[in-house]
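Residue numbers (my numbering): 603 to 736. All residues carry an ideal CB built from backbone N, CA and C; glycine is no exception.
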Amino acid sequence: MHENHPVAPAASAPPRSKVELLYQEILRESDVFISRLEQVSRQQEEIQQSLRALPMAIRQAGLDAANQTADQASRALLDAARTIATATSELRIASRAATSAHSATAWRAGMLCLAGAFGGSAFCAALIVLFKYL
Numbered sequence: 603m604h605e606n607h608p609v610a611p612a613a614s615a616p617p618r619s620k621v622e623l624l625y626q627e628i629l630r631e632s633d634v635f636i637s638r639l640e641q642v643s644r645q646q647e648e649i650q651q652s653l654r655a656l657p658m659a660i661r662q663a664g665l666d667a668a669n670q671t672a673d674q675a676s677r678a679l680l681d682a683a684r685t686i687a688t689a690t691s692e693l694r695i696a697s698r699a700a701t702s703a704h705s706a707t708a709w710r711a712g713m714l715c716l717a718g719a720f721g722g723s724a725f726c727a728a729l730i731v732l733f734k735y736l
């Protein structure tokens, strides 16, 4: 951006008039001013490049956060599925135990009833025989 600017006559030659002195001073100030403008322009370009990269960095950070959250949710769902599978297995075991206990209890009750009926029949038969022959 720096262009060739008119340069004042050599510093060794004294200015011939006040106008020439003012002209040399204006040229020096202009050169300083242009240098500063070029510096500001370079800084603006650097800032613009940084700003262009910023949305990508924000987008990447958002994607990283979303991926991390999805991973955590996936792990939590997997843990919940394992807990449900364990509970289901334990429930099946308990159901089998309850079913077999119910069947065993029914068999015991049936056997007691059968034994009671047989014992009662035998007792009645004994009474009948006892009273018939007495």
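Cut-off 8 Å between Cβ atoms - residues of its own chain near residue i, not counting five sequence neighbours on either side
i, result
"Met658", "none"
"Ala708", "none"
Start-to-end residues for the alpha helix (DSSP H) that takes in residue i
i, result
"Tyr625", "620 to 734"
Neighbourhood of residue i by C-beta, 7 Å cutoff - its chain only, sequence neighbours within 5 removed
i, result
"Ala719", "none"
"Ala706", "none"
"Ser697", "none"
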